[in-house]
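Protein chains in written order, with this note's numbering: chain A, 213 to 549; chain B, 213 to 549; chain C, 213 to 549; chain D, 213 to 549.
Notes to accompany the following structure.
There are 4 protein chains.
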Amino acid sequence: MIIVLRDDATPGDREALIRRLSRLGMTVHESEGMGGRILGVVGDEDLLHSQSLDSSPGVERVVPLTKPYKLASREFRPDGHVVHVGPVAVGGEKVVVMAGPCSVENRADFLDVARRVKAAGATIVRGGAFKPRTSPYSFQGLGKEGLQILAEARDETGLRVVTEVMDPRDVDLVASYADILQIGARNIQNFNLLKEVGKIRKPILLKRGLMTTLTEFLMSAEYIMSNGNYEVILCERGIRSFDNATRNLLDLTAIPVLHAWTHLPVIADPSHGTGKWRWVPPMARAAVACGADGLMVEVHATPEAAFSDGDQSLLPEKFAEMMRDLRKVAKAVGRTL
Amino acid sequence: MIIVLRDDATPGDREALIRRLSRLGMTVHESEGMGGRILGVVGDEDLLHSQSLDSSPGVERVVPLTKPYKLASREFRPDGHVVHVGPVAVGGEKVVVMAGPCSVENRADFLDVARRVKAAGATIVRGGAFKPRTSPYSFQGLGKEGLQILAEARDETGLRVVTEVMDPRDVDLVASYADILQIGARNIQNFNLLKEVGKIRKPILLKRGLMTTLTEFLMSAEYIMSNGNYEVILCERGIRSFDNATRNLLDLTAIPVLHAWTHLPVIADPSHGTGKWRWVPPMARAAVACGADGLMVEVHATPEAAFSDGDQSLLPEKFAEMMRDLRKVAKAVGRTL
Amino acid sequence: MIIVLRDDATPGDREALIRRLSRLGMTVHESEGMGGRILGVVGDEDLLHSQSLDSSPGVERVVPLTKPYKLASREFRPDGHVVHVGPVAVGGEKVVVMAGPCSVENRADFLDVARRVKAAGATIVRGGAFKPRTSPYSFQGLGKEGLQILAEARDETGLRVVTEVMDPRDVDLVASYADILQIGARNIQNFNLLKEVGKIRKPILLKRGLMTTLTEFLMSAEYIMSNGNYEVILCERGIRSFDNATRNLLDLTAIPVLHAWTHLPVIADPSHGTGKWRWVPPMARAAVACGADGLMVEVHATPEAAFSDGDQSLLPEKFAEMMRDLRKVAKAVGRTL
Amino acid sequence: MIIVLRDDATPGDREALIRRLSRLGMTVHESEGMGGRILGVVGDEDLLHSQSLDSSPGVERVVPLTKPYKLASREFRPDGHVVHVGPVAVGGEKVVVMAGPCSVENRADFLDVARRVKAAGATIVRGGAFKPRTSPYSFQGLGKEGLQILAEARDETGLRVVTEVMDPRDVDLVASYADILQIGARNIQNFNLLKEVGKIRKPILLKRGLMTTLTEFLMSAEYIMSNGNYEVILCERGIRSFDNATRNLLDLTAIPVLHAWTHLPVIADPSHGTGKWRWVPPMARAAVACGADGLMVEVHATPEAAFSDGDQSLLPEKFAEMMRDLRKVAKAVGRTL
């Protein structure tokens with residue numbers, strides 16, 4: 213950590229600060245020739261972070277030298293990490309596609325869509341049983357019944373199942389049905405939920421929040437990992453911007469940046485990322501082209517009758533067409549799909 | 213609800229849509245003279261919202277005619293609503309000041325600060341026992357011990373107590389100690405937590421999220437109210453912007469806008485809203501000048517030693533000075549403080 | 213245009229509004245069965261837009277039925293438009309690459325880079341002679357001397373030349389040297405400059421501003437086109453966001469959305485879009501994968517000595533490597549490069 | 213300037229960097245005990261800024277120690293600066309109110325409004341003769357005729373006149389009629405226009421752009437000042453956000469922050485800052501309460517017939533009422549109005 217003192221810091225400010233840092237067990241190096249404004253501090257940076265040094269008299273700025281995340285950092289596993297979901301490997305050569313409706317609405321329709329996305333090449337089926345909705349008056353999901361339908365779809369198709377958990381009290385229930393537990397964008401800093409899914413031994417799909425910086429995103433992954441669960445998949449799904457041309461703003465640059473900063477696999481959700489089925493195929497191609505390890509895509513047989521997010525759901529036949537196009541792009545960047 | 217059809221919608225699109233709306237029990241009025249592009253739809257708008265009409269063939273846009281929130285709307289209680297917290301009335305003529313440290317750190321310091329903010333005119337003391345921290349390695353709060361210290365401060369000073377609850381499993385525990393339960397910015401769309409605090413009978417302080425529109429803010433209040441708890445206080449505490457000149461961007465215009473849209477009391481938190489104690493007094497004055505029903509302010513006797521948010525904490529003497537200035541502004545706008 | 217009246221609009225409000233619209237030559241259709249809240253208005257929407265109808269007593273909302281841009285709309289040329297720059301066609305099957313240093317710094321280095329980007333497959337060379345710099349103390353470009361070097365590079369290599377014009381007084385000068393005139397992000401709503409480049413007969417490369425909605429972007433194109441110059445190329449170059457992980461936030465979804473809304477060619481600038489040379493190749497691949505008609509890329513032989521934007525400049529050999537990879541992606545989506 | 217080297221920087225990276233800095237005439241201080249990762253560099257920081265040091269091999273981060281603006285900084289004139297506009301002093305004890313219609317529409321209406329805002333206490337009248345409009349089809353202002361009407365209003369009422377200049381070619385013309393030249397939000401980084409108004413000797417009202425950081429704002433002031441014109445008034449007028457509840461997001465915290473960073477006077481424009489006349493009085497009160505040196509407010513006798521911005525214009529009688537309320541707030545914070 214470097215501490216930059218203010219132009220007008222007094223010798224007293226300086227000495228008081230150095231005394232305080234020494235008491236905390238830190239070694240302070242005073243930089244020569246910079247007008248005495250620079251202090252180098254060696255010691256436990258986490259402890260330093262908790263010290264509100266910015267507000268000490270005479271301090272202009274504190275420059276950390278270490279990243280706040282450890283387990284999630286690329287340095288922790290320089291070769292990258294593959295998350296195994298039964299036979300499916302997320303983070304390997306093959307781009308993994310997770311597809312299905314926004315919500316599980318009923319047994320017959322869900323099984324039908326599951327079969328169709330499998331036929332087109334998906335290996336994981338998605339569907340919400342617990343739905344976070346802006347309005348308390350909107351459909352909130354089928355709950356446990358939805359989970360049972362998801363499990364039935366797995367049994368029948370062999371697809372693995374991903375579904376969202378919203379409440380720390382539901383973690384065990386959801387984990388008993390799902391193969392991957394999804395933490396939704398709105399819960400990216402629901403720290404108690406993150407801790408709870410950190411205690412189980414199933415992969416977690418962590419979706420970036422609407423306003424989450426990439427550093428904060430990795431800190432949320434760190435919450436899960438520091439509780440013992442290292443199997444985290446990151447998902448870019450669009451952030452909020454000033455333009456309502458699309459529902460969210462898909463930040464695809466996050467994919468290569470995250471790949472440089474962390475060893476965790478990174479996938480993209482172009483359905484939420486754009487909010488219109490029409491933009492899903494081109495943005496899915498773009499995501500694969502810049503290195504996404506997977507895609508999460510909403511597919512619905514009758515989007516105009518969907519209980520939620522019909523606007524952004526692809527018809528099964530459009531999904532199949534997209535998959536064919538994606539295979540060419542995957543090959544062009546040295547991967548399979 | 214009005215449905216605007218696309219320029220190139222076919223007669224078939226149009227008829228299919230009208231049939232579908234009719235099956236849902238809606239009455240459809242076809243506007244003459246607008247090229248057949250306008251349909252007026254009368255019926256349950258909540259049901260209509262769930263229909264993904266935007267994605268129906270031929271539809272360009274859907275224009276709702278009703279607000280998505282009901283219980284939180286100004287129309288529900290045109291004269292406004294006062295939330296009573298023991299002897300303290302939030303939403304009346306008197307501007308209510310809630311002050312105290314970010315976290316409860318220990319008994320002695322907390323009682324000391326409580327006495328000092330009371331002496332300066334605060335009527336509610338704040339302090340976090342459960343702390344939402346970006347890093348899993350940061351201080352997470354004293355938990356139950358912190359709640360006990362809060363209760364002791366109330367007993368000794370007569371101040372009422374506000375503190376955050378982060379987990380639906382902790383709602384009863386926190387409610388057994390606190391007078392107001394705070395929902396933090398990061399949990400603004402933690403819907404299960406909102407439902408849970410909707411079931412108790414204590415006032416809720418709901419903080420706007422970093423990326424929450426005012427409509428979404430009221431929808432989150434609606435979650436609490438539709439579960440039975442009508443005693444909600446809204447708190448503007450800064451949103452996220454592109455400029456890091458301040459920690460957050462305090463959106464004071466939200467105060468008069470919310471007062472027009474809802475009957476709920478609205479307060480401001482200039483400590484989180486700016487992130488620097490230096491900007492707190494001017495922004496507190498501004499908040500009162502534009503109609504805030506209260507303020508939440510961080511005060512700490514030794515900010516540079518605070519476990520969290522020291523940068524934005526006022527010294528008790530600065531707080532007292534600010535209170536004196538605020539009284540003049542309150543008077544200038546016809547209120548007391 | 214549809215006008216939605218407020219719930220509490222009086223019959224007087226309603227009649228006054230209808231009278232006013234009639235005086236303007238509009239036909240007003242009153243929708244039945246919607247509580248009298250809906251008025252359909254037929255007439256010149258541009259005239260209507262100038263009427264501040266939103267502020268008329270009793271009006272809740274005005275819903276336009278036509279787009280504010282005409283000449284730039286897809287409807288104007290449903291088959292799309294190809295901008296010809298000498299032998300180079302922007303908007304056709306071939307993805308056009310424009311490359312070169314941020315600034316023209318001296319003759320020898322510029323000619324050297326021009327030759328190298330040509331060898332790698334670029335058909336247009338870029339380089340700034342007039343530089344918009346945040347600081348008045350930074351290098352402001354070589355001006356006319358820079359233009360002469362650009363022209364010399366064209367003569368020697370056969371590459372076409374694109375360079376920025378910042379001042380309406382310089383339009384003729386720049387047009388006498390350059391093949392494409394670039395309007396930079398900071399001048400996206402410098403309307404007098406847009407009008408001035410609308411009067412010449414050379415293609416214009418219009419870069420989206422940091423905070424420009426896609427509708428505003430097309431309105432700025434409309435300024436150029438309505439002055440007579442239809443040869444406009446749009447360039448997505450990143451917008452501003454809350455996260456400083458990258459310099460700007462490249463909004464690649466803008467590419468398919470703009471292709472749907474307008475007939476103008478759309479290219480991407482991943483150098484400004486990301487701000488780091490390391491992220492340029494993956495995002496260039498993504499741009500091609502989602503349909504970009506071209507790319508603008510910064511290349512510099514000694515980035516660490518560049519007068520501006522060295523951080524985001526590729527070395528010529530990295531550029532050549534990227535071009536090889538891009539050819540595969542272009543082929544995968546049915547194009548050449 | 214401090215340079216932080218990467219963890220994995222090689223001794224070769226380090227030596228090459230030190231050699232390069234030495235060649236530029238810099239003195240390099242190597243901090244001991246920080247793993248050799250910290251270099252302190254003393255020399256001309258402007259020269260250093262132009263060196264793209266961030267992109268040098270082995271460099272992680274560059275931390276500047278000086279602000280990029282000099283003439284605009286508070287340090288340049290610690291006691292603050294008062295801009296004199298004839299008899300009106302902006303930046304003194306008295307809060308200065310500038311009021312009038314968005315556009316000058318015709319002689320009679322403008323003179324009428326000028327008289328009425330004067331009667332209510334305004335000392336400067338505003339009105340646009342050159343209008344920056346998003347659409348080329350909207351009213352673009354009366355041009356020179358508008359300037360003549362402005363001058364006539366000054367002659368008749370004694371009010372001083374502020375109006376916008378959009379084009380470097382119009383600076384002399386506008387300066388021959390107006391007392392203050394306004395640079396609009398869209399031209400905040402139109403550097404050639406800034407240079408041009410830097411050459412005249414009339415006060416400049418510089419409006420913050422929709423996406424301008426406070427540092428960039430001061431850099432744009434620096435452009436004007438470094439060309440010789442020190443009489444700059446800054447105006448906060450709302451920035452762009454993700455919420456469309458208001459037209460823009462008024463960032464009132466900018467007022468105390470700018471007062472700390474610069475000696476220039478700072479005013480607020482709550483009309484553009486909110487976009488609705490209804491929110492103007494509360495936000496004007498808030499601006500005065502947090503230290504604004506002045507206000508710019510739109511007033512129109514028939515807002516629903518305004519050629520532009522009718523929604524945000526106050527009726528003259530509402531303006532007079534607001535002025536009465538503002539006097540009380542000004543007094544409460546130790547100022548007059």
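Even glycine gets a Cβ: it sits at the ideal position worked out from N, Cα and C.
8 Å Cβ cutoff met for residue i and residue j
{"i": "A365/B", "j": "F322/B", "result": "yes"}
{"i": "V316/C", "j": "G298/C", "result": "no"}
{"i": "L426/A", "j": "V469/A", "result": "yes"}
{"i": "L405/B", "j": "I392/B", "result": "no"}
{"i": "M423/C", "j": "R452/C", "result": "yes"}
{"i": "V500/C", "j": "V541/C", "result": "yes"}
{"i": "W489/C", "j": "S525/C", "result": "yes"}
{"i": "I400/D", "j": "K419/D", "result": "yes"}
Beta-bridge partners of residue i, as assigned by DSSP
{"i": "I436/A", "result": "Looking at the DSSP assignment, I436/A forms no beta bridge with any residue, so it has no partner."}
{"i": "G566/D", "result": "This structure does not reach residue 566/D, given that chain D is present from 213 up to 549, and the question cannot be answered."}
{"i": "G503/B", "result": "Per DSSP, none; premise fails for G503/B."}
{"i": "T239/C", "result": "V254/C"}
Contact set between residue i and chain D, taken where Cβ atoms lie within less than 9 Å
{"i": "I214/A", "result": "I214, V216, S243, M246, I250, V275"}
{"i": "T486/C", "result": "The contacting residues do not exist; T486/C stays about 13 Å from chain D at best."}
{"i": "T239/A", "result": "G245"}
Neighbour list for residue i in chain C, Cβ cutoff strictly below 7 Å
{"i": "R452/B", "result": "F454"}
{"i": "Q401/D", "result": "P344, R398"}
Proximal chain C residues relative to residue i, where beta-carbon distance stays under 8 Å
{"i": "V254/B", "result": "G245, M246"}
Buried/exposed call for residue i, threshold 16 Cβ in 10 Å
{"i": "E305/D", "result": "exposed"}
{"i": "T192/D", "result": "For residue 192/D there is no data in the structure shown, the boundaries of chain D being 213 and 549."}
{"i": "G252/B", "result": "buried"}
{"i": "L229/A", "result": "buried"}
{"i": "R231/D", "result": "exposed"}
{"i": "H296/A", "result": "exposed"}
{"i": "R249/C", "result": "buried"}
{"i": "T458/A", "result": "buried"}
{"i": "S483/A", "result": "buried"}
7 Å CB neighbourhood of residue i in its chain, flanking five on each side removed
{"i": "E376/D", "result": "G340, F342, Q394, G396"}
{"i": "E272/B", "result": "V216, L217, R218"}
{"i": "K407/C", "result": "Y435, N439"}
Sequence-distant residues of the same chain with beta carbon closer than 8 Å to residue i, five excluded per side
{"i": "L371/D", "result": "A326, V329, K330, A334, T335, I336, V337, A365"}
{"i": "F519/C", "result": "C314, S315, E317, F351"}
{"i": "V545/B", "result": "V500, A501, G503"}
Within chain B, partners of residue i - CB distance below 9 Å
{"i": "Q394/A", "result": "By Cβ distance, chain B contributes nothing, its closest Cβ being about 15 Å from Q394/A, past 9 Å."}
Per-residue contacts from residue i into chain B (C-beta, under 7 Å)
{"i": "T474/C", "result": "Neighbours of T474/C on chain B: none; closest Cβ ~16 Å, over 7 Å."}
Neighbour list for residue i in chain D, Cβ cutoff strictly below 8 Å
{"i": "V545/B", "result": "R497, D537, K540, V541"}
Per-residue contacts from residue i into chain A (C-beta, under 8 Å)
{"i": "F611/B", "result": "For chain B, the structure presents residues 213 to 549; residue 611/B sits outside this window and is missing."}
{"i": "P380/B", "result": "D379, P380, R381"}
Per-residue contacts from residue i into chain B (C-beta, under 8 Å)
{"i": "S483/A", "result": "Result: empty, since nearest Cβ-Cβ is about 12 Å, beyond 8 Å."}
Within chain C, the residues that residue i reaches when beta carbons sit closer than 9 Å
{"i": "M534/D", "result": "Those within 9 Å of M534/D in chain C number zero; the least Cβ separation is about 17 Å."}
Contacts around residue i, its chain only, beta-carbon distance under 6 Å, and the 5 residues preceding and following it disregarded
{"i": "N441/C", "result": "G410"}
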